[in-house]
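Counting from 632, one number per residue, gives the positions in the sequence shown under this note's numbering.
C-beta atoms are modelled at their ideal positions from N, C-alpha and C, and glycine is treated no differently.
The structure presented is a predicted model; accordingly, all values stated were derived computationally and were not measured.
Heads up, the thing below is written out as structure tokens.
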Amino acid sequence: MGKGDALISKIQIIRNTVASYEPGDVMTALELQDLLHDLLEDLSSQKGLERLASLVKHLIPVSRGLTNPASEQEGMIILNELIEGLEQYVTGRLSGKAYGELIRKHEGELRRFTGRAPAPSGTRTETGTVSGAPPSPDHESVRTAQDESGTVQEEPQVEPPLEETYPEGYFSAIIEDTKLLEQFYTEAQEHLEEAQATLVELEYDATNKELLNTIFRNFHTIKGSSAFLGLKNIEETAHAVEDLLAIVRDGKLILNKDLIDLIFHGMELLKNLLDTMQANDYQKTAMEASFKIINIYPYIRLFKKIKEQYSYKKIGEILAEEGKIQPNVLQEVLQKQRETDKKVGEILIEEKIAKPEDVVEALKKQNSLANRIKKSGIVKVSNEKLNTLIDIVGELVINQSMVKQELLNLQVSETTERSITQLESITTTIKNLVLSMGMVPIAEIFNKLRVVARNTAEELGKSVYLELRGEETELDRNVIETIYEPLMHLIRNSIDHGIEHAEDRDRLGKNRLGRILLSAEHKGSGIEIVVQDDGKGIDTELVLKKAIEKGLVKRDEAGKLSQKDIYNLLFLPGFSTAKQVTSVSGRGVGLDVVKKNLDSIHGRVEVSSEVGKGTRFTIKLPLTLAIIEGFVTRVGDNKYVFPFSSIEEIKVIQQDELFRNDEESEAMIFHRGLHIPVLYAHRVFRETWQEPENRTMLSLLFSLDQSHYCVVVDELIGKQEIVVKSMSQTILQDCSFFSGGTIFGDGSIGFVVDMQGFLEALK
């Protein structure tokens, strides 16, 4: 979608993160900082959004203040009000003047966090988003994302290899004694296996100090041995895990599921590094080239962040930081403490170095940090209850919309209108909060896929590194449950059919270590997941040959198939290019499962490949199945909702713009350098067609699977948030172009259109 919609989507994610924050939740505070930095980067790169960028820049120090008990409460008040206001501001629900007043209200607090406050006003931008004054909904542009040349969407490309992230000479200290390196590999594997088994046990007995000490010793040994051999990347990774375990051992951090997952992540990273050594026969030059592919720094940075936030400060350190005592005086006091065994606070008061009230205040801050560290703040709710709550909130949104419609029809007073607006704002907040409760990080399944990749590679005798990006991306819990199996099949498929054996890669001039990228990121109102390998690519001739052999394609029609059509053959049930049946492939039950599962959650998959370079599978999913952004239209006597994320723009078609065939049953238009087929919605929905009186037609331009379509409708009603209700399977079987239904504010019903089914219905 357009830049404006992507921007609104990011702000709404930040709003949900702020709403879900619990006091002392450092992980969410760190996530919020990252989201604000990401938003600042987007705003800074767009012309005309300088004032919004200034505001976000001033909110980042406020988010950092959440990790300080003294400023946490004040920071939450500021973030709640200004982020909520920002969301209302960019969606046109709050005027520029009102938002400016809100910023000025917190000007003093912002100065305390940042030293200066942002300017509250600005100018309207070209795209319809805002820098100071929000766009009026009545004047908002109906066009969505397109560049000036008219290009709508680029063909997915196979990404270049990951840039080197290590400083020059980083691996120069690696010894060249293959016997010692092999011995280290064996010992390190044993330590990791013991640590893994112990960690599983520790998950069920988190207070067992002996188990914790065992894991600590395992990583400490790996760190020491790798440092001796010059394996700096292994040393740094093991040291990062050891530091985290030290914080847990000191009682400064509760060992919960998230932390255990992080430690498992560290183990997998170390196993990948060790496997790289073995795959390269412990040869220094070959190992160094493969090591550069595996980037350890995102993991190291995450552990450092956690360590910094949970550093336990002593009384003297707190007083020195606040300037109540001098650092050199503190050292003298510490020396006296060692000699007398008295507490630092006692010595400071006895010798009148610090005031009693300052020491008491420092003690309160220390205790506050200790309490915050040991607080869990998590309540488990069953999936069934959560789904029921989401359904009820959906009903609330519908009923609130109905009440608003009824009251506005009665021409109520200004006070009542204000109450309606406030009710709408509260309902939206509740909806966003409840939806965020049903969202879980995709890391939950990404971490399982590490094990799948490792086991498949071992089974096939290949050396593969699975690189993960965007693990923090959140998805609807129900989508997460469905997406695991398709991703598992794609990973196994990439390793089996894509990645070559180490010897073959060596002969081709590739790195012996195969690389698979698994990434997730927000795109518009949905999620895009990529599985990309640097293997041999897809041989379209072999695919066609197999399809003809199996009778899936007639020999005389093979030449007419496009590259996209050939790739789509891979998703047919029973299709496989494997020469023999193994435990991994050959039965033709892999990629068809991908297609089937994605169809069930209104997702789709695109394929791009280059022979000898690799293959890229791009999965596009809705963010949530409960409430979507839709564009409401009327066709015949009924309302139909099209997915807003697929719409490129709205166009009024003149009759003389149409190019028709001889029977006038089909038509197309030439628009922005493209020939686009014109599809009449009434034919699919079986509605009555009425010839327009003014010889013009209203249409929506869609982009789907790298193709473009123009869908003609009778009336454009507008963009709305749609609560999707399930429909009878009997109806859906007969009308595969619907994914559900909805109820509008006036009580009328509408049908939510599945674009893939819509296009298939026309074939």
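| Check | Outcome |
| --- | --- |
| Alpha helix (DSSP H) runs contained entirely in the region 1107-1166, provided each spans 4 or more residues | 1108-1124, 1133-1138 |
| Pairwise C-alpha distance: K1195 and Q814 | 49 Å |
| Where H1302 sits in the DSSP three-state scheme | strand |
| Beta-bridge pairing of S1094 - partner residues as DSSP gives them | None; S1094 has no bridge partner. |
| D1345 versus K1035: straight-line alpha-carbon distance, rounded | 26 Å |
| Where I1061 falls: helix, strand or coil (DSSP) | helix |
| Spatial distance of L683 from V649 (CA atoms) | 18 Å |
| Beta-bridge pairing of T1373 - partner residues as DSSP gives them | G1381 |
| Rounded C-alpha distance that separates V1242 from L1175 | 15 Å |
| Rounded separation between V789 and A1189 - CA only | A caution first: V789 carries a pLDDT of 36, below 50, which makes its placement in the model too unreliable to give a value. |
| Cβ pair count under 8 Å reaching 3, the region 886-904 against the region 823-841 | yes |
| Boundaries of the beta strand (DSSP E) in which S1334 is found, first to last residue | 1327-1335 |
| F1248 vs V1263 beta-carbon contact at 7 Å | no |
| Those runs of the alpha helix (DSSP H) which lie wholly inside the region 792-875 and span at least 4 residues | 809-835, 840-859 |
| Contact under 7 Å by Cβ, A871 with F934 | yes |
| Collapsed DSSP secondary structure at L1041 in the structure displayed | coil |
| Buried or exposed by the 16-neighbour rule on C-beta atoms within 10 Å, applied to Q664 | buried |
| Residues sharing a beta bridge with T1246, DSSP | D1164, S1240 |
| Three-state secondary structure (DSSP) of S767 | With a pLDDT of 32 at S767, under the threshold of 50, the predicted position of this residue should be treated as unreliable, though the coordinate-derived value follows. Here S767 sits in coil by DSSP. |
| C-beta contact flag for K1062 and V1024 at 7 Å | yes |
| V1224: CB within 6 Å of a non-hydrogen atom of the ligand MG | This structure simply doesn't include the ligand MG, nor any ligand for that matter. |
| Beta-bridge partners of N1269, as assigned by DSSP | V1266 |
| Beta-carbon spacing of Y930, L900 below 7 Å | yes |
| Selection from E807, S1330, K1244, E953 that minimises the alpha carbon distance to Y1417 | Residue 1417 lies beyond the residue range present for the chain, which begins at 632 and ends at 1394; the question has no answer from this structure. |
| Beta-carbon separation (whole angstroms), L1027 vs T1058, contact threshold 8 Å | 6 Å |
| Beta-carbon spacing of I1232, T1113 below 7 Å | yes |
| Proximity to Y797 [Cα-Cα], best of F850, I865, E841 | I865 |
| Euclidean distance between Cα positions of T659 and Q643 | 15 Å |
| Residue environment, V1384, which counts as buried when at least 16 other CB atoms sit within 10 Å | buried |
| Inter-residue Cα distance where the pair is A1092 and L1310 | Residue identity differs from the one stated: residue 1092 is Gly in this sequence, not Ala. About 50 Å. |
| Residues near I978 in its chain [Cβ-Cβ closer than 7 Å; skip 5 each side] | V964, K967, Q968 |
| One or two residues paired with K1356 in a DSSP bridge | G1372 |
| Closest by C-alpha distance to L1201, when choosing among L860, V1065, K1177 | K1177 |
| Cβ neighbour criterion (16 or more within 10 Å) applied to R646 | buried |
| Own chain residues within Cβ distance below 7 Å of T1213, not counting five before or after | Its pLDDT being 49, under 50, T1213 is placed unreliably by the model, and the measurement read from it follows with that caveat. Excluding residues within five positions, none has a Cβ falling inside 7 Å. |
| Rounded C-alpha distance that separates H1313 from G1381 | 15 Å |
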